[in-house]
Every structure is written in structure tokens, then in C-alpha cells.
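Below is one structure, written out as C-alpha cells; comments come after it.
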Amino acid sequence: MLHKTRGIVLKTTNYSETSVVVQVFTERFGLQSYLVNGARKPKAKIGTTLLQPLHLLDMVVYQRANASLQRISEARQKPPFQTIPYDVAKRAVALFLNEVLYKCLRQQSADEPLFNYVFNAVSWLDSTDRMSPNFHLLFLLKLSRYLGFHPASPKPGQRFFDLKDGVFCGQLPAHPLVLSGPHTTQFANLLTVSFDQLDTLRLPLADRRFLLGRILAFYQFHVDHLGEIKSHEVLEAVLD
15 MLHKTRGIVL
25 KTTNYSETSV
35 VVQVFTERFG
45 LQSYLVNGAR
55 KPKAKIGTTL
65 LQPLHLLDMV
75 VYQRANASLQ
85 RISEARQKPP
95 FQTIPYDVAK
105 RAVALFLNEV
115 LYKCLRQQSA
125 DEPLFNYVFN
135 AVSWLDSTDR
145 MSPNFHLLFL
155 LKLSRYLGFH
165 PASPKPGQRF
175 FDLKDGVFCG
185 QLPAHPLVLS
195 GPHTTQFANL
205 LTVSFDQLDT
215 LRLPLADRRF
225 LLGRILAFYQ
235 FHVDHLGEIK
245 SHEVLEAVLD
């Protein structure tokens, strides 16, 4: 049966000489794998240029219960990217976000709030005139809410953040996986701002890199089989 759905491309893998398998996080069906025959041909109806990571799609798909591979009848990029492919910093951020999302989004069932968050955040990144160098930090913290482990705001006297338990606390934990001092304050401030307010938050380069490493450690504790995120090294080289 044919269904209309929006989708976010996560990964495309060559399948044969001319075909690919593309993994798409869809609005209606969650994470799905689609076989696209002829995608690598020069005049393909659905070509590989359309199936790039984080591309936002309008799709018409065949959906069969219990099938490991589905098929796409129609697809178009909507909205088409205006800046991400041409902006070095945005492109590096998109590469990083794509790696995190690919390793986090495993559910094969609809999750419209999660889908809408990612879709709208990527759209915002493409449309903004000036991307804050803290965008990826806020994206990860907001994403954690939809993944089920977003921390509550700190209460007075809670000067530490326990990365392992995912909570602010007043006493230093007995393990080293903790934020303290100014980093706790910076982390707490990130929890309170929107993407439009990010320019009001100033983080020195060293602190931003430290917080990214700690937020990724936070994710590793709360996302099963997340593994190592490698693209943040490219990100750090670009965002100075």
C-alpha cells in the first residue's frame, strides 16, 4: 500500500552496481530501510544527490508489514537546503549531527515529537543567517529530552552535574564523570535557551570543546551501543 510521509535521510549504502539502500527516519513509520533501484544511474528518478545525509524529504512509499526493505515510489527534497551544502561550518555540524542521529535513532515505530524536533532543528540550521558555534551543544541537549534522559534544571546549591546518573547534585560524586565549577553553570544555561537565543550565550573555545566531550560521555551512558562519535574531531577543527 502507498503512504505519504516526511523523512530525514541518515545513511545511504551501495547495494549493487546501480542501486542503494537508504536508511530514513520517517514521520509515520520511524526508522526504515529503502531499496532504491537505479539510484546511481545518471538520470535516476530518485538519485543519490537526493539521498544525502540529513536531507529532508517528502516521500511516497510502499510499506509492507515485517519487510526488512521497503521501497520508495516518489521523493523530493522539501525544503531544499539553501546554505548547509555551501557553508563549511554548517556542513561540519550537519555531518556531526547525522552521525549522532544515525547511532541514536533505532526505533521502527512512529515518534512524531522526536521527528518534528529533528526536522525543525535541521530546517532552522539551514535557514539561519548566522549559526552560533554552540548550536550542536544545544541540539544534543534538546534531543536528549525526546530520547528520554533530559536532565531537570538544577536547584539552589546543586553545584555539580553527575553525568553517569544524569542529575544535578549538591555533593561531589565518588566518580570523575562530573561537571563542576563554571562548566556546571554553562551546562545549566544551555538547558534554558532556545536556538534563537544562542547568541546571548558566550562560551570560550576551550569550554565549548570540554562540554562537547562531556555531553557525548553523557550520551554514552544513556544510549545503548552508542559507541565512539568520530566526526566531532572535524567539527572542532572548523568551529574556532
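So the mapping is simple: the numbering used here equals the position in the sequence shown, first residue as 1, plus 14. Where is the CB? At the ideal position from N, CA and C, for every residue including glycine. As the structure is a prediction and not an experimental result, all values here were calculated from the model.
Ser-245 is not a Cβ neighbour of Ala-202, given a cutoff of 8 Å. Contact check for Ser-194 against Leu-204 fails: the beta carbons are separated by 8 Å or more. Cβ neighbours of Pro-147 within its own chain (closer than 7 Å, five residues either side excluded): Arg-222, Leu-253. Take Leu-45, set aside five residues on each side of it, and the residues of its chain with a beta-carbon closer than 7 Å to its own are Gln-37, Phe-39, Leu-119, Arg-120, Gln-121, Gln-122, in chain order.
Looking only at Thr-142, Gln-91, Leu-83, Val-132, the smallest Cα-Cα distance to Thr-97 is reached by Thr-142. Only exposed fits Lys-55, as fewer than 16 other CB atoms lie within 10 angstroms of its CB. Taking one beta carbon from each stretch, the segment 90 to 110 and the segment 159 to 173 have fewer than 3 pairs nearer than 8 Å; the two do not touch. Within the same chain, and ignoring the five residues on either side of Ser-82 in sequence, the residues whose Cβ sits closer than 8 Å to its Cβ are Ser-47. Shortest Cα-Cα distance from Leu-64 to any of Arg-42, Gln-77, Val-34 involves Val-34. Out of Tyr-160, Met-15, Phe-110, the CA that lies nearest to the CA of Gln-77 is found in Met-15.
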